Amino acid sequence: MKKASADGARMVTLIPGDGIGPEVIAAAVAVIEQTGVKPRWDTQIAGMTAFKRVGNPVPDALLRSLRQTGVALKGPLETRVGEGYRSINVYLRKTFNLYANLRPVHSFQGVHTPFRNVDLVVIRESTEDLYAGIEHEITPGVVESIKVITARASRRIARFAFEYARREGRQFVTAIHKANIMKLSDGLFLKCAREVSAGFAEIRYEEQIVDAACMRLVTDPQAFDVLLLENLYGDIVSDLCAGLVGGLGVVPGANYGDKGAIFEAIHGTAPDIAGKGLANPIAAILSGAMLLDYLGHPREAKRIRAATGEVLQSGGTLTRDLGGIATTQQMTDAVIASLRTTASSAADHA
Ligand code: ATP
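What follows is the structure, encoded as structure tokens:
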């Protein structure tokens with residue numbers, strides 16, 4: 000991916016996506032622009048929307064835009080189970096070598112769950128493992144799906160996790176695995192993580208078997224800080240972690256490579272509520288805050304996090320998934336109103 004800019008504003012590919020995507024992405028764009036940062040959005044269709052319109056879920060125009068901008072804000076894309084093309088998300092991550100999927104998970108005051116003070120980060124390798132998509136039928140009734148783990152990708156994601164921990168002042172990294180059963184593949188992943196950990200003396204390194212880690216996450220989530228996982232365990236564990244803090248509607252995400260990044264909430268297209276104005280926009284809005292950090296606007300990103308935190312804490316404007324009755328638009332308006340208040344009080348004190 001190449002980065003391009005014109006007229007001073009950074010160009011960002013905008014993929015509204017399928018299902019609830021267009022609703023939550025519109026919310027994220029409105030909130031981002033309220034901070035005063037106005038990227039040049041290059042809007043592109045993808046997924047089922049593109050398939051229906053141009054017969055291709057990954058149109059050339061989308062790939063061209065991503066190559067040019069190197070950065071995207073993206074809604075969820077629908078991939079039909081067991082049909083035609085493979086997951087477009089997997090395709091984009093592999094095509095642009097976005098090897099690190101990062102999902103910060105922390106408790107919000109005002110969002111009621113049985114868990115308190117959760118503050119962890121899921122870092123998931125996202126180019127290989129069972130997602131390599133190598134499957135074949137040996138004979139009718141017998142299929143094989145190949146799990147691919149390489150030292151190169153394992154070292155690269157471990158380094159990403161430790162560098163992130165160092166940069167963000169995190170205390171420890173836990174590699175999560177099933178090396179007691181998958182001795183070669185998960186064994187290699189662990190070996191690489193151990194080697195990389197040796198270069199980060201100030202960050203503690205731990206290991207846990209994935210099933211035990213899942214139980215610990217729901218009995219003692221404070222026992223985790225940065226979680227380092229292969230692709231499939233990362234997918235499953237990050238949804239579990241979202242459940243600790245209020246569900247899929249509040250957890251943002253980002254896919255990083257060495258030359259680009261795509262920012263997207265962890266939730267899918269939620270077809271049951273699509274087009275009804277019921278989707279929680281917070282996950283997409285917080286993914287927008289991660290985009291602003293990446294674009295070099297940490298102050299604005301912080302303001303968005305503070306505004307969403309305030310709206311959730313006040314409890315007056317919550318979408319249905321959080322126990323409220325607010326619409327997507329009402330929740331977005333509440334975040335924007337909170338941003339306006341902080342902007343005017345900052346101006347009063349200037
Ligand atoms: P996909 O096949 O695209 O992954 P899905 O319906 O299987 O879609 P998700 O969209 O991730 O899976 O979510 C599962 C359910 O969680 C949804 O059907 C919806 O009820 C709820 N949900 C997900 N995201 C949100 C959101 N942003 N706001 C409110 N509810 C949500």
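Just so you know, we're using numbering that gives the first Met the number 0 here: the sequence shown kicks off at 0 and counts up by one.
Beta carbons: idealized from backbone N, C-alpha and C, even for Gly.
Owing to the predicted nature of the structure, the values given are computational and were not obtained by experimental measurement.
As assigned by DSSP and simplified to three states, the class of residue i
i      : result
Lys37  : coil
Arg169 : coil
Lys73  : strand
Ala5   : Legend: pLDDT at Ala5 = 49, less than 50; position of this residue unreliable, value from coordinates given subsequently. Ala5: strand per DSSP, three-state reduction.
Tyr130 : helix
Glu299 : helix
Ser153 : helix
Phe262 : strand
Ser64  : helix
Val110 : coil
Ala333 : helix
Val310 : helix
Arg115 : coil
Thr138 : strand
Ala342 : helix
Val11  : strand
Ile44  : coil
Asn55  : coil
Pro280 : coil
Leu294 : coil
Thr78  : coil
Asn88  : helix
Thr318 : strand
Ala178 : coil
Ile122 : strand
Leu187 : helix
Leu101 : strand
Residues near residue i in its chain [Cβ-Cβ closer than 7 Å; skip 5 each side]
i      : result
Asn88  : Leu76
Val334 : Val30, Ile284, Ala306, Thr307, Val310
His266 : Pro75, Leu247, Gly248, Ala282
Ile208 : His176, Lys177, Asn179
Phe50  : Pro56
Ala5   : Confidence at Ala5 is low in this model, with a pLDDT of 49, below 50, so its placement is unreliable and the value that follows should be read with caution. Arg39, listed in sequence order.
Ala26  : Pro280, Ala283, Ile284, Thr327, Thr331
Thr341 : Arg302, Ala305, Ala306
Tyr98  : Glu124, Ser125, Thr126, Ala152, Arg155, Ile156, Gly256
Same chain, Cβ closer than 6 Å to residue i, neighbours up to 5 away in sequence not counted
i      : result
Leu290 : Leu72, Phe262
Asp17  : Gly46, Met47, Thr48, Leu76, Glu77, Thr268
Gln108 : Gln312
Arg339 : none
Val147 : Glu127, Ala131
Ala300 : Ala288, Leu291, Asp292
Leu13  : Trp40, Thr42, Leu72
Lys93  : Thr126
Gly186 : Ala178
Tyr204 : Val172, Ser196
Ser64  : Thr12, Asp41, Gln43
Cutoff 8 Å; reference residue i; Cβ partners in own chain excluding five residues on either side
i      : result
Val11  : Pro38, Arg39, Trp40, Asp41, Thr68, Val70, Ala71, Leu72, Leu290, Leu294
Leu189 : Ala174, His176, Ala178, Glu206
Ile137 : Glu143
Ser286 : Ala27, Leu72, Pro251, Gly252, Ala253, Phe262, Glu263, Ala264
Any non-hydrogen atom of the ligand NAD within 6 Å of residue i CB
i      : result
His266 : Among the ligands in the structure shown, the ligand NAD does not appear; only the ligand ATP can be found there.
**Q.** Inter-stretch contact (C-beta, 8 Å, three-pair minimum) for the segment 216-226 and the segment 111-123
**A.** yes
Q. Are three or more beta carbon pairs between the segment 228-235 and the segment 123-139 nearer than 8 Å?
A. yes
Q: Tell me, please, whether the segment 187-196 touches the segment 146-161 by the rule of three or more beta-carbon pairs shorter than 8 Å.
A: yes
Q. Do the segment 245-254 and the segment 319-326 touch if we need at least three Cβ pairs shorter than 8 Å?
A. yes
Q. At what residue ranges does the segment 193-277 contain a whole run of the alpha helix (DSSP H), taking only runs of 4 or more?
A. 209-218, 230-243
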